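Positions in the sequence shown are counted from 1; adding 222 to them yields this note's numbering. Virtual Cβ for every residue (Gly too), placed ideally from N, Cα, C. Given the structure is predicted, the values throughout are model-derived calculations rather than measurements. This report concerns only the one structure given below.
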Amino acid sequence: MTLIRRKFLSTAAITGGVLGTPALVHAQTKPVFNWKMTSAYPKGSPFYFDGPGSATDLAKRIKEMSDGRLNIQVFGAGELVPAFEGFDAVRAGTVEMNHANSYFWTGKTFAAQYFTAVPFGLNFQGVNGWLYDGGGIDLWNEVYAPFGMVAMPCGNTGVQMTGWFKKEIKSVADLKGLKMRIPGLAGKVYANLGVDVKVLPGGEIFPALERGVIDAAEFVGPYQDRRLGLHKAAKYYYTTGWHESATVSELLINKAAWLKLPKDLQTIVQNAAAACNVISEAWCQRNNAEAMEDLVKNQKVIARPLPDSVIKALRAETGKVLAEAVAKDPLTKKVHDSYMAYMAKYQAWAEVSEGAYHNTVLRG
């Protein structure tokens with residue numbers, strides 16, 4: 223009887239060990255995906271590559287949320303492909319993902335710029351409303367469909383600074399012949415006003431400004447700009463932020479690779495990207511506030527808004543640039559009309575909500 227009892231207990235233990243952990247066995251049979259993600263920004267760049275809401279933070283969140291089923295190796299600009307070749311790398315399937323800003327792809331499709339920033343456009347709250355609830359992300363994917371890619375927001379700087387200038391800007395005439403680093407729609411607007419526009423990766427801005435290769439430069443905001451040392455090469459820091467009122471970071475994904483992911487992993491990517499979108503903007507608010515105070519008080523930076531006459535000219539030229547683009551391409555018109563219709567409704571609401579708050583509370 224003792225031998226029979228021992229045999230029964232042994233058999234039961236073995237059976238229970240297998241049948242008692244079906245979830246573990248099932249989990250072990252699920253496929254594991256190992257992807258590559260390139261960045262338009264150098265390794266070590268805060269906000270974009272490292273830190274809360276960055277490319278590496280996004281990859282970490284996806285790995286943890288997926289329990290190691292989706293692992294993403296992140297490469298800084300120049301490690302695997304040059305800074306502005308992420309679009310082509312994802313399109314070709316060389317990598318599955320790229321982390322950048324969609325306005326770098328204006329040479330591929332003009333409409334892409336609307337998903338990073340539009341001059342005199344939506345702020346952080348507004349652009350998120352358009353993207354998540356106003357059909358913006360669907361349009362984004364429609365724009366990229368011919369290229370075999372999908373995209374979503376994964377970060378935001380909030381309002382950016384107009385930029386650094388070696389000389390004071392007093393009128394529109396001061397812009398003529400100015401050599402300035404400025405990407406996106408704003409670059410085209412400046413060009414129409416006589417600016418010699420340059421598009422440089424972040425790591426090349428300071429040496430170009432210091433050596434006089436360029437006379438002015440726009441990057442992000444006080445924290446990022448101070449880190450690059452731009453205040454050491456130019457002292458006039460204009461604060462209007464007309465060109466990028468909320469600059470969206472883009473997670474670009476090869477569509478064929480995306481469709482191979484199980485639905486739960488797709489959802490994990492979407493939610494991790496949405497988390498980074500909010501977290502990165504929050505990081506910017508704190509760090510920019512501290513950096514701006516330091517730049518003005520300790521670094522003797524001259525911070526001021528652009529003159530009203532310059533803003534007026536920039537606004538008028540923006541309208542012309544957008545009208546010209548809309549007339550040339552039906553898809554750009556579709557995106558433009560959606561963006562502007564949403565902005566009109568949002569601004570009407572913002573005037574009685576955010577606007578009232580700023581006028582009565584923040585201004586005392």
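The C-beta of residue 289 has fewer than 16 other C-beta atoms within 10 Å across all chains shown, which makes the residue exposed. Taking each of 274, 475, 263, 254 in turn and checking the Cα distance to residue 509, the smallest one comes out for 274. Exposure of residue 355 is indicated by the presence of fewer than 16 other C-beta atoms within 10 angstroms of its C-beta. The C-beta of residue 438 has 16 or more other C-beta atoms within 10 Å across all chains shown, which makes the residue buried. In the three-state DSSP reduction, residue 297 falls in the strand class (E or B). Contact annotation, residue 403 with residue 421: C-beta distance approximately 7 angstroms; criterion of less than 8 angstroms satisfied. Each of 532, 349, 388, 448 was checked against the Cα of residue 400, and the nearest Cα belongs to 388. In the DSSP secondary-structure assignment, residue 475 is bridged to 319, 372. Taking a contact to require three or more Cβ pairs closer than 8 angstroms, the segment 309-317 and the segment 257-273 qualify as touching.
For residue 262, the secondary structure class from DSSP, reduced to helix, strand or coil, is coil.
Taking the Cβ atoms as the reference, residue 336 lies roughly 5 angstroms from residue 557, within the contact range of under 8 angstroms. In the structure shown, the three-state DSSP call for residue 403 is strand.
DSSP places residue 419 in the uninterrupted beta strand (DSSP E) bounded by 418-420. Using a Cβ distance threshold of 9 angstroms, residue 445 and residue 268 count as a contacting pair. DSSP, reduced to helix, strand and coil, places residue 441 outside both helices and strands of the structure shown, so it counts as coil. Note on residue 372: 16 or more other CB atoms within 10 angstroms of its CB, so buried under the neighbour-count rule.
Out of 339, 506, 307, the CA that lies nearest to the CA of residue 409 is found in 339.
Per the coordinates, the alpha-carbon of residue 299 lies some 43 angstroms from the alpha-carbon of residue 574.
Partner residues in the beta bridge of residue 525, as assigned by DSSP, are 459. Considering only 293, 468, 443, the residue with the shortest C-alpha distance to residue 342 is 468. Of all C-beta pairs linking the segment 484-503 to the segment 423-438, fewer than three are shorter than 8 angstroms, placing the two stretches out of contact.
Residue 531 and residue 291 have their C-alpha atoms some 55 angstroms from each other. In the structure shown, the three-state DSSP call for residue 536 is helix.
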